[in-house]
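Those protein sequences? They're chains E and H, same order as listed. The first sequence begins at 39 in this note's numbering and counts up one residue at a time. The second sequence begins at 6 in this note's numbering and counts up one residue at a time. All remarks here apply to the structure that follows.
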Amino acid sequence: MIRLLHRIFPHPHLTFLLTVVWVLLANEPSLNSLVFGLILGIIIPFVTQPYWPDRPKLRNWPMVVEYILVVLWDIVVANVTVARIILFKRDADRKPNWISVPLELRTPEAITVLAGTITMTPGTVSSDLSAQGHCLLVHCLDAPDPEAVRDQIKQRYERRLKEIFE
Amino acid sequence: MAFIFEFLIAFFLVVSGIFGFVGSYGMIKLKDPMSRLHAPTKATTLGVGGVLVASIIHSVLIENHLSLHELLITLFLFLTAPITALFIAKWHIHRHEKPENLPDAGEDGLWATHAVEQVEDVPDHTAN
């Protein structure tokens, strides 16, 4: 019975997300859009199932909320930091740098979220993954101390993602 | 009261304008391509975000109905911006960076972009 449910709803979270997105798109909360959103939310995960066979498990919901708040706060800080570097720092004084972040995360979903977060936050863009997915290549806009940036990424984001996904 | 609402909306619009401008200015000022990538991926997040917050406030306080469309724009922006940045960065690595100029890739030896170039048996499509 449970296996049958898994076959019909391969990604319950995706079903929920698609329904919410559809209702928001309609911008008028009504039973109409809710039902149609639910239909889309059931059909799309079912059809795309072969391309996403694993089911990521979210273990720690309070941590998800904490992570989102931390990232939103960091994005605001990132904008101010980057704006200050662009406006007030002479180009010659800036030290752009590549850093390599060894990953402890193994699930593809967790690595994707980490890479996306790094791109959205202070002065860093994730640029490449190593051949077997064990390291992440990050470019820093201004990093006099690459070690500190790497430790911050591991402490602030990877530790939390590890609790959420693994 | 309406004055305070309008002041709040105007504040968010001005903030977004400033950050959007700084992002575009960064494209001119920064000299190397990888650094240029930082300006549009970040400064524009708050640039767009400010307009969206102003729009939500306007619909709630002045038009008196809740509009949450704007949250979707944020969501789609967060999904697409890192991917665009990653593609441009990978293009840069592919064309302009040698493996020895990049930091050590740990146990894997090579970064994915360079590892692909090592594959010799790329199928030849010119014959068809």
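Where a beta carbon is used, it is the ideal one built from N, C-alpha and C, also for glycine.
Which class does H/Phe8 belong to by DSSP, given the choice of helix, strand or coil?
helix
Less than 8 angstroms separating the beta-carbons of E/Asp180 and H/Lys34?
Their beta carbons are not under 8 angstroms apart, which means E/Asp180 does not touch H/Lys34 by this criterion.
Terminal residues of the alpha helix (DSSP H) in which E/Asp189 lies
Counting along the chain, E/Asp189 sits inside the alpha helix (DSSP H) bounded by residues 184-191.
Identified DSSP bridge partners for E/Leu167:
E/Leu174
Give a yes or no on whether the C-beta atoms belonging to E/Pro134 and H/Ser40 are separated by under 8 angstroms.
yes
Residues from the region 116-139 of chain E in contact with chain H, defined by Cβ distance under 7 angstroms
Ala116, Asn117, Val120, Ala121, Ile124, Leu125, Asp129, Pro134, Trp136, Ile137, Ser138
Let me confirm a value: E/Asn117 is counted as buried when at least 16 other C-beta atoms fall within 10 Å, else exposed. Which label applies?
buried
Could you tell me which of E/Pro83, E/Lys192, E/Val187, E/Leu69 sits nearest to E/Ala148, measuring between CA atoms?
The candidate whose alpha carbon is nearest that of E/Ala148 is E/Lys192.
Going by DSSP in three states, E/Trp90 sits in which element: helix, strand or coil?
coil
Nonlocal neighbours in the same chain, by C-beta distance under 6 angstroms from H/Met6, ignoring five residues either side
none
If we cut at 8 angstroms on Cβ distances, does H/Ala132 have a partner in chain E?
A caution first: H/Ala132 carries a pLDDT of 49, below 50, which makes its placement in the model too unreliable to give a value.
Please classify H/Leu51: is it buried, with 16 or more other beta-carbons within 10 angstroms of its beta-carbon, or exposed?
buried
Three-way DSSP call (helix, strand, coil) for H/Thr89 in this model:
H/Thr89: helix per DSSP, three-state reduction.
Going straight from the alpha carbon of E/Leu199 to that of E/Tyr105, what length do you get?
So the two alpha carbons sit approximately 8 angstroms from each other.
Would E/Val109 pass as a contact of E/Thr155 if the rule is Cβ separation under 8 angstroms?
yes
Cut-off 7 angstroms between Cβ atoms - residues of its own chain near E/Ala153, not counting five sequence neighbours on either side
Ser164, Leu174
Within 10 angstroms of its Cβ, does E/Leu96 collect 16 or more other Cβ (buried), or is it exposed?
exposed
Which residues in chain E have a C-beta closer than 7 angstroms to the C-beta of H/Glu11? List them in chain order.
Going along chain E, no residue has its Cβ under 7 angstroms from H/Glu11, so there is no contact; the nearest lies around 23 angstroms.
Which bits of chain E does H/Ser21 rub up against, with CB to CB less than 7 angstroms?
For H/Ser21, there are no C-beta contacts with chain E under 7 angstroms, since the nearest C-beta of that chain is about 10 angstroms from it.
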